[in-house]
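Enquirer: Take a look at the following structure, please.
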Amino acid sequence: MTHIFILSCSSVQLRLERFPKHKDGDRFRSFNSKLYHFKWLEYSVSQDSVYCFYCRHFSENSSISDYKCDIFIVAGYRQWKKCYGKSEKEKHLLSFSHCKAVANYEAYNSTLEKGSVISQIRKEHAILIKENRHYLVTLCEILLTITQQKIGVRESVSLFRASAIDIESESIDYGPHSGNFLSLLSLVGNHDEVIARRIKHGPRNAKCTHHSVQNALLDIMAGEVKNKIFEEMQTES
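This is the structure we're talking about:
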């Protein structure tokens, strides 16, 4: 059975106008579609028997011969008289192998919906890279704005004092003497979820707010400007 069929059809629960009868005890009996309230139950027309969808396709063992003792997997169950009350059906439903098969089926569906563990890790890694880039670009844009306005990045050493961020607070505030850089960063963070999350919950060594990092970013941007000017001069000449 293909993955597409398993996903789209689940258990085969045919609803016929009349199900075939066979002698069961002292009378002829047939399957009753009311038993379909057990979602794991599927009916085979050719065998006139019921099987467990989960265990047939999602059992732990690769060889179905290991389950010869369970008629819901190999031979099929057709003792309709005993299908109500405590019977083989209930025994199978409560068996460890059945519960494990159900868990495997749910894990299979979850993988189809969300992707494998590896693909989920790759997706989360891609999101992390995107957010890191967004955060770093924002820091550079703030520094660029400050330099264009010809204002100080930080307060003087005697006045500078950045307050610790309250991660429980809805707003971000470094305090009145935090300097222009941190003030603008807090302003952006109050309107940007990615920036706010990094400021409040990001690793302390990855927030890039230390003055040494600010200076490094300024040097990098200055170098880019110089290179651009040099390229334009080379082109014109």
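The letter at position 115 of the sequence shown is residue 115 when you use the UniProt record's numbering, and the numbering goes up by one with no holes.
The beta carbon of each residue, even a glycine, is placed where N, CA and C say it ideally should be.
So the candidates are Q47, L143, I229, V194; which of them puts its Cα closest to the Cα of L184?
Expert: The residue with the shortest Cα to Cα distance from L184 is L143.
Enquirer: Would you mind sorting L139 into buried or exposed? The rule is 16 or more other CB atoms within 10 Å of its CB.
Expert: Buried.
Enquirer: Name the DSSP bridge partner or partners of L41?
Expert: Answer by DSSP bridge pairing, in chain order: C52.
Enquirer: So the beta strand (DSSP E) H22 belongs to, where does it begin and stop?
Expert: Start and end: 21 to 24.
Enquirer: Over what stretch of residues does the beta strand (DSSP E) that includes R29 continue unbroken?
Expert: From DSSP, the beta strand (DSSP E) with R29 extends over 27 to 30.
Enquirer: Compare the Cα-Cα distances from H37 to each of R56, K150, K89 and report the closest residue.
Expert: H37 has its Cα closest to that of K89, out of R56, K150, K89.
Enquirer: If you follow the alpha helix (DSSP H) that Q120 is in, where does it begin and where does it stop?
Expert: Where Q120 is concerned, the enclosing alpha helix (DSSP H) stretches over 117 to 148.
Enquirer: Of the residues I172, A206, I151, H191, which one's Cα is nearest the Cα of G179?
Expert: Answer by Cα proximity: I151.
Enquirer: Mind reading off the beta-carbon distance from I172 to A196? Whole number of angstroms is fine, and I expect it under 8 Å.
Expert: Yes, they are in contact, since the Cβ atoms of I172 and A196 sit about 6 Å apart, within 8 Å.
Enquirer: State the start and end residues of the unbroken alpha helix (DSSP H) segment that holds S212.
Expert: 211 to 236 is the span of the alpha helix (DSSP H), which, as asked, contains S212.
Enquirer: Would you call the stretch 120 to 128 in contact with the stretch 102 to 110, where contact means no fewer than 3 C-beta pairs closer than 8 Å?
Expert: The answer is no - the stretch 102 to 110 does not touch the stretch 120 to 128, with fewer than three Cβ pairs under 8 Å.
Enquirer: Leaving out five residues on either side along the sequence, give the residues of the same chain with a beta carbon under 8 Å from the beta carbon of V188.
Expert: The answer, listed in chain order, is T138, I142, I195.
Enquirer: For C99, which residues of its own chain have a beta-carbon under 8 Å away from its beta-carbon, when the five flanking residues on both sides are left out?
Expert: Contacts found: none.
Enquirer: Could you say which of F19, F28, R27, W40 lies nearest to D48 if we only look at CA atoms?
Expert: Considering only alpha carbons, the answer is F19.
Enquirer: Pull up the distance between the alpha-carbon of Q148 and that of R122, whole angstroms please.
Expert: Approximately 39 Å between the Cα atoms of the pair.
Enquirer: Tell me the DSSP secondary structure of C83 in three-state form.
Expert: DSSP places C83 in coil when its eight states are reduced to three.
Enquirer: So, with DSSP's three-state summary, where would you put L7?
Expert: Its pLDDT being 48, under 50, L7 is placed unreliably by the model, and nothing is read from it.
Enquirer: In terms of residues, what are the limits of the alpha helix (DSSP H) holding Y105?
Expert: It spans 96 to 114 - the alpha helix (DSSP H) in which Y105 sits, taken as one unbroken run.
Enquirer: Reducing DSSP to helix, strand and coil, say where H201 ends up.
Expert: Here H201 sits in helix by DSSP.
Enquirer: The alpha helix (DSSP H) that contains F181, what's its start and end?
Expert: Per DSSP, F181 belongs to the alpha helix (DSSP H) from 179 to 189.
Enquirer: With DSSP collapsed to three states, give me the class of Y77.
Expert: Strand.
Enquirer: Using alpha carbons as the reference points, say which of H210, E42, L93, R133 lies closest to G76.
Expert: Of the candidates H210, E42, L93, R133, the one whose C-alpha sits nearest the C-alpha of G76 is E42.
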